[in-house]
Every structure is written in structure tokens, then in C-alpha cells.
Amino acid sequence: MIVRMWEVRAERAGFADLISWVCDTALPDLEHNPLHISSEVFSSTDNRLVVISKWRGDPVSLPDPPARMLARTPHVWDFTQVDR
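Per my numbering, the sequence shown starts with residue -19, numbered consecutively.
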């Protein structure tokens, strides 16, 4: 399993729109992929949004959000579980 963390900082005025875009537009497109296991969305008080998605193989990237909503472009990291 691969876990992808997608993180972005929104403009203050665009934060609610960014949350709606992620939840109503970007994630539904990913959830139809047969390799997709699950996704969770988290927000912070400093206008950051994080999506954690789990995949059975190579993750599919979220599309780029509308630039007017962003204070900076998204960052993406992939993780695999550590056996301990």
C-alpha cells in the first residue's frame, strides 16, 4: 500500500472554496479508480488543507486546484508503511 499526502495552503478568502473543490470535484474523480482504497481530508487553522489517500499501487494525482484559491502550490509526498 502507498499513502499519498497532498498538502496546500489556501488564500484566506479561498479556503472554503478549496475545501468544496477538493471534496466535491477532485476526490470523487479519484474514488472511482480501482487502485484507490480510501481518502481523508484535514484542515488547519492556518488555511492548510491535507488529503491523505491510500492506494493499492501507484497513486493518481489530484488535479491542480484553481490558482485563485491558493497561497502556494500543492506539495505531494508518497509513503509506504514501515515494518517494525
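Idealized CB from N, CA, C, for every residue including glycine.
Given a cut-off of 8 Å on the beta-carbon distance, is the pair residue i and residue j in contact?
i, j, result
"Phe41", "Val21", "Here the sequence assigns Ser to residue 41, which means Phe is not the residue at that position. Taking 8 Å as the Cβ cut-off, Ser41 and Val21 do not qualify as a contacting pair."
"Ala(-10)", "Ala51", "yes"
Thinking C-alpha only, which one of the options is nearest residue i?
i, options, result
"Pro45", "Arg64, Met(-15), Ser0 and Gly37", "Ser0"
"Trp35", "Thr25, Ser23, Leu29 and His12", "His12"
"Arg(-16)", "Ser19, Asp26 and Ser23", "Ser19"
"Pro8", "Val31, Ala(-4) and Asn27", "Val31"
"Val23", "Arg64, Val62, Arg(-8) and Gln61", "Per the sequence shown, the amino acid found at residue 23 is Ser instead of Val. Comparing Cα positions, the closest option is Arg(-8)."
"Thr25", "Val2, Phe(-5) and Asp58", "Phe(-5)"
CB-CB under 8 Å to residue i, same chain, minus the five flanking residues each way: which ones, in chain order?
i, result
"Pro54", "Trp(-14), Glu(-13), Val(-12), Leu42, Asp44 and Pro45"
"Asp107", "Here the chain comprises residues numbered -19 to 64, so residue 107 is not present and cannot be evaluated."
Please list, in chain order, all residues of the same chain as residue i whose beta carbon is under 6 Å from its beta carbon, the five residues on each side excluded.
i, result
"Ser33", "Arg(-16) and Ser19"
By DSSP, does residue i sit in helix, in strand, or in coil?
i, result
"Leu15", "coil"
"Thr5", "helix"
"Leu50", "strand"
"Leu29", "strand"
"Asp63", "coil"
Report, in whole angstroms, the separation of the C-beta atoms of residue i and residue j, which I expect to be a contact under 8 Å.
i, j, result
"Met49", "Asp(-3)", "5 Å"
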